[in-house]
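Student: Handing you this structure, nothing more for now.
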Amino acid sequence: MVMELEELTLEVKKVDDSLTRLEQKIANLQQEKIKLEDRKNLLVSQIESLHELRSMQDKASDWETMTFPWSQILLTTLNSVFKIESFRPLQLPCINALMSKRD
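To convert, take the position in the sequence shown, counting from 1, and add 338; that gives the numbering used here.
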């Protein structure tokens, strides 16, 4: 009976040691998971920022075209009323943004 008690006590100690090691591994893995999630969130944020920047750049270049519904009237008015052939730099994008009511 004494031998069984010592063996059982020793086995309990071994199981406790194993549990302690596992809990430490779990804690380490949880810390690593948090770091990876933070890194992922940062990367996703950077991707979203790049998409927004590219979208803004695409929109900015769209303002410089003469493809809007008012473009022909604008060109006619430019020639007939103001007697000029072209806009100054950035004038056309400004007018297009204003006419679209987005500015």
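Where is the CB? At the ideal position from N, CA and C, for every residue including glycine.
Grouping DSSP H, G and I as helix and E and B as strand, with all else coil, what is residue 414?
Tutor: Residue 414 sits at position 76 when you count from the first residue of the sequence shown. Residue 414 falls in the helix class under three-state DSSP.
Student: Just tell me which of 418, 402, 359 has its CA closest to the CA of residue 430.
Tutor: Working through the sequence shown from its first residue, we reach residue 430 at position 92. Residue 430 has its Cα closest to that of 402, out of 418, 402, 359.
Student: Can residue 406 and residue 434 be called in contact, C-beta distance under 8 Å?
Tutor: As a working note, residue 406 is residue 68 in the sequence shown. As a working note, residue 434 is residue 96 in the sequence shown. Going by C-beta atoms, residue 406 is nearer than 8 Å to residue 434.
Student: Please report the distance separating the alpha-carbon of residue 426 from that of residue 369.
Tutor: Counting from 1 along the sequence shown, the entry for residue 426 is found at position 88. Counting from 1 along the sequence shown, the entry for residue 369 is found at position 31. Approximately 58 Å, taken between the alpha carbons.
Student: Report the residue from 419, 432, 420, 385 whose alpha carbon sits nearest the alpha carbon of residue 400.
Tutor: Here residue 400 refers to the residue found at position 62 when the sequence shown is read from its first residue. Measuring from the Cα of residue 400, the nearest candidate turns out to be 432.
Student: Measuring only from the beta carbon, is residue 426 closer than 7 Å to any heavy atom that is part of the ligand COA?
Tutor: In the structure on display, the ligand COA does not appear, and there are no ligands present to speak of.
Student: How many Å lie between residue 377 and residue 391 at the Cα?
Tutor: Residue 377 sits at position 39 when you count from the first residue of the sequence shown. Residue 391 sits at position 53 when you count from the first residue of the sequence shown. Rounded to the nearest angstrom, the two C-alpha atoms are 21 Å apart.
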